[in-house]
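Residue numbers (our numbering), protein chains in the order written: chain P, 1 to 759; chain X, 760 to 916.
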């Protein structure tokens, strides 16, 4: 671990306790969304479009309704009519009119898998059979599945209601939902005066988060017109907001209970099934459950956009980057709202560049509506920037890490879109990379028939703050119950408890943390934006500090002293003027009954900025020049995490994010057929990395504490997926002497670039 | 769809278990919906993710690809059978100690699969472990800590 700050003497932070939810998860006892059991529960099945683009002429549910065991059937017309209404979820804005139409189409289907009807029946087999009997008549339309085709003259228009915002001009009859421009300095003049200019255009394909647990939802619409929803989600409160808005109900009519969640990576923020099972429950009077089949998870949830990115960067004779320009065109999917805004914020963030221009295009295409995927937009952007950066370093004959260090953004650097960086760890990470064992090791010799190369790339994610609440209550045995509203996808119950434990001076094993539902926990925004350990942890610190105040009051009562004469240090309350009077936390907890009863506290935050974070990855690849297959020979992840609260899980995020990025770089893509439908809709064909595909991922934690958090936490989870695509492209260049501008860099593409096969 | 149900007599985690099932129901659904053992997870329903891994007569299978009716007379083991009154199975303990899970949805499948390996090959190489577990997908961890946990148990056995 590289610690560039003054070492703090923490007792809990930085340790690796067994996570609180661990026992339930290794024994199979943990209850995930699909595990919910309710009396009278029936199953839903969704009828989905086989076509990428079509007008719905008629939906005939009569045959399905006749089937024995069917309780209810619905179509999009059962959802309330909606006007445009925008909800901000922190990681993306939702237009309720479009999300309702995305959940179930009423007029047009915009991608294969778009839901058009649903059936509820006694079990999932009967429901699936009945769904197959729903007859839908379509008028087929031409489909467009990439940004180029969608923006051609005469391209089929997906959304008649879409009014594009093109540099603040309203434009109708377009697939371009928005065009934005961020400009600073005088890039044209700077390029004209630059010594070297490199301009490249990159293409990327849509990829999926690939969480192993499919989307699921269970709902019961009761006699008081209240809906109870059980689901696996990154945010129970946002599910409540979205479900209530789509069903046109007050939020207080919807109670959402978040179950354990089997991966999300941003993809389990939107709702897909919750309003559907709610309507089916209202119609049937039964609780209704739906579990999405894997092929529909691919075709009808929210993958990450592909698109086209052009990056142009210029340097002066001393290898200083003097100008940079980019045009980022991302696929929103069937409805507006790609990650292009975040891509704009991230694309040049690793560099200090005085003259910049960035154009962002959000373009609808006949693919599933894209959603957040781990640092949404940033991996795509980093592929482009980090490749061009690598080319410039080579032109200047420089070590690529030295080139990045010379041009690195740091505290005070103005990010291209206007934000000025507070204390960030970009330089410290690059310096650590330069000193790392990996960077200083010889490449070694690959197996016969293979060539090896090394690449490096950096990545950035801004991280978000947003709203969180933590409630604490003290048990008489000195343990503390912690209730939070943030979904725990990977150990945050523990990382949040650790922060409260540090403040209270007790062991984290004394905490009983849980994720509450929307009627037992205080409000929390989504688990996303790498915000949970940061923001909900911050709320836990506040709650713990408030609890100390409550407990000082109790000491004052017991000792008949003024509260101002009570001090707290290292888990002990004591009278400042009488050293004989003291209580450990546990002793005091057992004495609370005589002081006014239970002690409890709450802490809430609404944080604007979270302190962005940088990572640098080093990779050695082995390429088989006969087959084009690339293996990862060695991989090192370096990242500024601020302060590592729970290092084992920090490293887990770093390694896991890198591996998703490796899959993105080498294999993963939505492979589209000419009719606009996806060809690879199973894990067999959508090839994610397996244990056999990977070496150990080495992780080096760099700690540059975030001044905006009591313990210096920065978000961790998203940064590690940003560098891999660029790093692997650069390594392939080092191995083969050829540049790669298209992702994934799959065997066929490698053979193509080597001139061994044609397209 | 009134089809006569099939009576299945089986042994699950060492205890006799009988249930009635429709002939088209998968073993995974029967375990989860009829027997009530929801530890085996559904990830893909086409035998590619391994989240539903169980053992039949000591051999690991994807339970989504087996019909419930096929296990009549067979001996099944699921994740729920790994821990005993004496405590966790060493693999379960090692998964906790090595932070081998993040979201945990793939964990039951990995545990049952890893047990299937170590029961027959107590001292496998890392390459062998990685090969054996290639039928189980994890999207969170990057596998590293899972491999470490299995190696730790192999080395201590």
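Don't be surprised by glycine CBs; every beta carbon is placed ideally from N, CA and C.
Contact with chain P by residue i, beta-carbon distance below 7 Å
{"i": "residue 838 of chain X", "result": "yes"}
{"i": "residue 846 of chain X", "result": "no"}
{"i": "residue 774 of chain X", "result": "no"}
{"i": "residue 786 of chain X", "result": "no"}
{"i": "residue 805 of chain X", "result": "yes"}
{"i": "residue 849 of chain X", "result": "no"}
{"i": "residue 789 of chain X", "result": "no"}
{"i": "residue 797 of chain X", "result": "yes"}
{"i": "residue 881 of chain X", "result": "no"}
{"i": "residue 903 of chain X", "result": "yes"}
{"i": "residue 867 of chain X", "result": "yes"}
{"i": "residue 854 of chain X", "result": "yes"}
Spatial distance of residue i from residue j (CA atoms)
{"i": "residue 830 of chain X", "j": "residue 499 of chain P", "result": "49 Å"}
{"i": "residue 386 of chain P", "j": "residue 398 of chain P", "result": "15 Å"}
{"i": "residue 302 of chain P", "j": "residue 134 of chain P", "result": "25 Å"}
{"i": "residue 266 of chain P", "j": "residue 564 of chain P", "result": "47 Å"}
{"i": "residue 5 of chain P", "j": "residue 704 of chain P", "result": "In this predicted model, residue 5 of chain P has a pLDDT of only 48, less than 50, meaning its place in the structure is not dependable enough to derive any value."}
{"i": "residue 696 of chain P", "j": "residue 888 of chain X", "result": "13 Å"}
{"i": "residue 657 of chain P", "j": "residue 803 of chain X", "result": "22 Å"}
{"i": "residue 605 of chain P", "j": "residue 534 of chain P", "result": "11 Å"}
{"i": "residue 752 of chain P", "j": "residue 221 of chain P", "result": "56 Å"}
{"i": "residue 601 of chain P", "j": "residue 186 of chain P", "result": "53 Å"}
{"i": "residue 912 of chain X", "j": "residue 690 of chain P", "result": "21 Å"}
{"i": "residue 76 of chain P", "j": "residue 118 of chain P", "result": "9 Å"}
{"i": "residue 526 of chain P", "j": "residue 536 of chain P", "result": "11 Å"}
Range covered by the beta strand (DSSP E) that runs through residue i
{"i": "residue 277 of chain P", "result": "Looking at the DSSP string, residue 277 of chain P is not in any beta strand (DSSP E); the run it does join, the alpha helix (DSSP H), is 274–284."}
{"i": "residue 36 of chain P", "result": "No beta strand (DSSP E) contains residue 36 of chain P, which DSSP labels as neither H nor E."}
{"i": "residue 439 of chain P", "result": "Counting along the chain, residue 439 of chain P falls outside any beta strand (DSSP E), and DSSP gives it neither H nor E."}
{"i": "residue 482 of chain P", "result": "480–484"}
{"i": "residue 48 of chain P", "result": "42–48"}
{"i": "residue 895 of chain X", "result": "Run containing residue 895 of chain X: none; DSSP gives neither H nor E here."}
N-terminal and C-terminal residue of the alpha helix (DSSP H) that residue i is part of
{"i": "residue 910 of chain X", "result": "903–915"}
{"i": "residue 208 of chain P", "result": "Where residue 208 of chain P is concerned, there is no enclosing alpha helix (DSSP H), given that its DSSP letter is neither H nor E."}
{"i": "residue 498 of chain P", "result": "492–504"}
{"i": "residue 639 of chain P", "result": "Counting along the chain, residue 639 of chain P falls outside any alpha helix (DSSP H), though it belongs to the beta strand (DSSP E) covering 630–640."}
{"i": "residue 712 of chain P", "result": "Counting along the chain, residue 712 of chain P falls outside any alpha helix (DSSP H), and DSSP gives it neither H nor E."}
{"i": "residue 890 of chain X", "result": "885–891"}
Classification of residue i by the beta-carbon crowding that lies within 10 angstroms, buried from 16 upward
{"i": "residue 365 of chain P", "result": "buried"}
{"i": "residue 859 of chain X", "result": "buried"}
{"i": "residue 762 of chain X", "result": "exposed"}
{"i": "residue 236 of chain P", "result": "buried"}
{"i": "residue 58 of chain P", "result": "exposed"}
Closer than 7 Å to chain X by CB, residue i
{"i": "residue 596 of chain P", "result": "no"}
{"i": "residue 5 of chain P", "result": "Any answer about residue 5 of chain P is weak, because its pLDDT of 48 lies below 50 and its placement is not dependable; what the coordinates show is given next. Not closer than 7 Å to any Cβ of chain X, the Cβ of residue 5 of chain P fails to qualify, so no."}
{"i": "residue 294 of chain P", "result": "yes"}
{"i": "residue 721 of chain P", "result": "no"}
{"i": "residue 671 of chain P", "result": "no"}
{"i": "residue 683 of chain P", "result": "yes"}
{"i": "residue 747 of chain P", "result": "no"}
{"i": "residue 622 of chain P", "result": "no"}
{"i": "residue 690 of chain P", "result": "yes"}
Residue from the options with nearest C-alpha to residue i
{"i": "residue 323 of chain P", "options": "P/176, P/279 and P/192", "result": "P/192"}
{"i": "residue 727 of chain P", "options": "P/52, P/542, P/383 and P/609", "result": "P/383"}
{"i": "residue 655 of chain P", "options": "P/689, P/606, P/682 and P/720", "result": "P/720"}
{"i": "residue 272 of chain P", "options": "P/101, P/543 and P/438", "result": "P/101"}
{"i": "residue 14 of chain P", "options": "P/372, P/404 and P/701", "result": "P/701"}
{"i": "residue 223 of chain P", "options": "P/525, P/253, P/246 and P/243", "result": "P/253"}
{"i": "residue 777 of chain X", "options": "X/884, X/833, X/783 and X/801", "result": "X/833"}
{"i": "residue 24 of chain P", "options": "X/862, X/897, X/900 and X/913", "result": "X/862"}
{"i": "residue 835 of chain X", "options": "X/875, X/855, X/782 and X/801", "result": "X/875"}
{"i": "residue 38 of chain P", "options": "P/93, P/230, P/490 and P/411", "result": "P/230"}
{"i": "residue 612 of chain P", "options": "P/208, P/338, P/699 and P/419", "result": "P/419"}
{"i": "residue 485 of chain P", "options": "P/463, P/524, P/447 and P/507", "result": "P/524"}
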